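Following my numbering, the residues of the sequence shown are numbered contiguously, the last one being 190.
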Amino acid sequence: MSTTVLIILVAILNGMFSIFVSRASGKIDANLSPSIFNSLGAIVPLSVYLFLRITKPLEIAATKTSGIMFSVLAGISIALFSILLLKTFSRGINLSYAFPIIYGGTVVVSTLGGLILFKEHVSLLQGAGIISIVFGLVLVAVSKF
Numbered sequence: 046m047s048t049t050v051l052i053i054l055v056a057i058l059n060g061m062f063s064i065f066v067s068r069a070s071g072k073i074d075a076n077l078s079p080s081i082f083n084s085l086g087a088i089v090p091l092s093v094y095l096f097l098r099i100t101k102p103l104e105i106a107a108t109k110t111s112g113i114m115f116s117v118l119a120g121i122s123i124a125l126f127s128i129l130l131l132k133t134f135s136r137g138i139n140l141s142y143a144f145p146i147i148y149g150g151t152v153v154v155s156t157l158g159g160l161i162l163f164k165e166h167v168s169l170l171q172g173a174g175i176i177s178i179v180f181g182l183v184l185v186a187v188s189k190f
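Shown next as structure tokens:
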């Protein structure tokens, strides 16, 4: 599968997640819903990992301590994100308003993290794109006033 197809599938599945989470809010406790979808989010990839570990052990990536540490930090982040996301939607925020701000902000925070923490290079064109996202976030945010 090409990288482009993989990225498109990730975007589609993330969009589906966003829609389903927004619809669940207000209909379930904001702590129970993340427990359900994060549990499934653990069971499915763990099942695939165990299956591949048995059937194709040479294709399994080596596990390093830093990989485990960053996975734990990612898990804590997604758990807190999930709870706050449900609480946000339970207040009646529209999907079309919240997600551009959430995911646009995610792009900005991730890019700054890459620049500051990991010394990644951002081209002039990428920088212009990030600035455009920030401008778009401002437009979305002020559209409610």
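The C-beta atom is built at its ideal place from N, Cα and C for all residues, glycine as well. Every value quoted in this text rests on a predicted model; they were computed, and no experiment measured them.
- Val152 is positioned such that its CB atom lies no closer than 9 Å to that of Ile176.
- Taking the Cα of Tyr148 as reference, the smallest distance to any Cα among Ser47, Val50, Asn59 and Ala87 is reached at Asn59.
- Secondary structure at Lys132: helix, using DSSP grouped into helix, strand and coil.
- Nearest to Ile105 by C-alpha distance, out of Phe96, Ser111 and Ile113, is Phe96.
- Rounded to the nearest whole angstrom, the CA to CA distance from Phe134 to Phe65 is 11 Å.
- Taking 9 Å as the cut-off, the Cβ atoms of Ser67 and Ser78 do not count as close.
- If you check the CB distance, Gly181 and Pro145 come in under 9 Å.
- Of the candidates Gly86, Arg136 and Thr110, Gly86 places its Cα closest to the Cα of Phe62.
- By the CB criterion at 9 Å, Asn83 and Ser127 fall inside the cutoff.
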